[in-house]
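Visitor: The structure under discussion is supplied below as structure tokens; questions concerning it will follow.
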Amino acid sequence: MTSAISLAFGTKNILQNLQAQNPQNKLISLSETSGVARLMLLDVSGLPTVFANPITFKVLNELPQPAYKDFFAFINLQLDPDHAKILRASVDHFLDQERPLGLRAFALLEKDKASSEYTILMSWDHVNDYHAWISSTSFAPFESFYKQSQYSYRETAYNRVSLTR
Numbered sequence: 016m017t018s019a020i021s022l023a024f025g026t027k028n029i030l031q032n033l034q035a036q037n038p039q040n041k042l043i044s045l046s047e048t049s050g051v052a053r054l055m056l057l058d059v060s061g062l063p064t065v066f067a068n069p070i071t072f073k074v075l076n077e078l079p080q081p082a083y084k085d086f087f088a089f090i091n092l093q094l095d096p097d098h099a100k101i102l103r104a105s106v107d108h109f110l111d112q113e114r115p116l117g118l119r120a121f122a123l124l125e126k127d128k129a130s131s132e133y134t135i136l137m138s139w140d141h142v143n144d145y146h147a148w149i150s151s152t153s154f155a156p157f158e159s160f161y162k163q164s165q166y167s168y169r170e171t172a173y174n175r176v177s178l179t180r
């Protein structure tokens with residue numbers, strides 16, 4: 016299991032240079048799907064970060080042997096200690112079940128500098144697989160958190176992109 020995942024946002028040129036200068040790190044380039052031209056590099060290598068101002072997460076649990084595909088979903092939650100325990104138990108239960116169709120990577124992350132902030136990072140073959148999962152029975156462990164404002168629920172989606180010149 017990877018111990019940490021970090022990410023950074025920036026312009027295409029800056030992220031291109033980071034990716035080119037750091038082939039040892041597994042840097043995945045992503046673009047937000049909302050129509051906003053927001054680019055991100057996601058470092059899933061577990062190596063020391065190469066970002067000047069990274070957002071760093073501790074990996075609490077993840078699917079073994081993740082395969083990062085084309086569609087990424089991030090669910091961000093702010094939880095008190097009791098609800099964090101519920102989320103961790105929900106993730107443990109989910110990871111013990113059969114994997115939903117199209118799910119290639121799943122990780123529960125805790126923000127490095129703020130222990131009440133959690134992120135569920137997922138990679139899917141296709142956006143439709145993600146939406147099918149949300150309406151399936153395998154989503155049940157997470158239903159109590161879904162779109163709940165008391166947990167500062169925030170969902171963002173990204174597509175994998177190439178930054179090559």
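Heads up, my numbering is the position in the sequence shown plus 15, with the first residue counted as 1. The C-beta atom is built at its ideal place from N, Cα and C for all residues, glycine as well.
1) Under a three-way DSSP split, which group does valine 74 fall into?
2) Name the two residues that bound the continuous alpha helix (DSSP H) containing arginine 175.
3) Would you grab the beta carbon distance between threonine 48 and tyrosine 173 for me? Rounded to a whole angstrom, and I think it's under 8 Å.
4) Just mark serine 21 as buried or exposed, buried being the case when its beta carbon has 16 or more other beta carbons within 10 Å.
5) Could one say the Cβ of proline 156 lies closer than 8 Å to chain B's Cβ atoms, at least one of them?
6) Whose C-beta lies closer than 8 Å to the C-beta of glutamine 93 among residues of the same chain, with five residues either side of it excluded?
7) Could you check what DSSP says for phenylalanine 109 in three-state terms: helix, strand or coil?
8) In the structure shown, what three-state DSSP assignment does asparagine 32 receive?
Guide: Put simply:
1) Position 59 of the sequence shown, counted from the start, is the residue given in the question as residue 74. Reduced to three states, the DSSP call for valine 74 is strand.
2) Along the sequence shown, one-based indexing puts residue 175 at 160. That residue, arginine 175, is in no alpha helix (DSSP H); its beta strand (DSSP E) goes 169 to 175.
3) Within the sequence shown, numbered from 1, the residue matching residue 48 stands at position 33. Within the sequence shown, numbered from 1, the residue matching residue 173 stands at position 158. Indeed, because the Cβ distance is near 6 Å, the residues count as touching under 8 Å.
4) Indexing the sequence shown from 1 puts residue 21 at position 6. Under a 10 Å Cβ-count criterion, serine 21 is classified as buried, with 16 or more other Cβ atoms of the shown protein chains found around its own Cβ.
5) Although the question refers to chain B, the structure presented lacks it and comprises just one protein chain.
6) Here the question's residue 93 lines up with position 78 in the sequence shown. Cβ neighbours of glutamine 93 beyond the five flanking positions: Ser131, Glu132, Tyr133, Tyr166 and Ser167.
7) Here residue 109 is taken as the residue at index 94 of the sequence shown, counted from 1. DSSP places phenylalanine 109 in helix when its eight states are reduced to three.
8) By one-based count along the sequence shown, residue 32 stands at place 17. If DSSP states are grouped into helix, strand and coil, asparagine 32 belongs with the helices.
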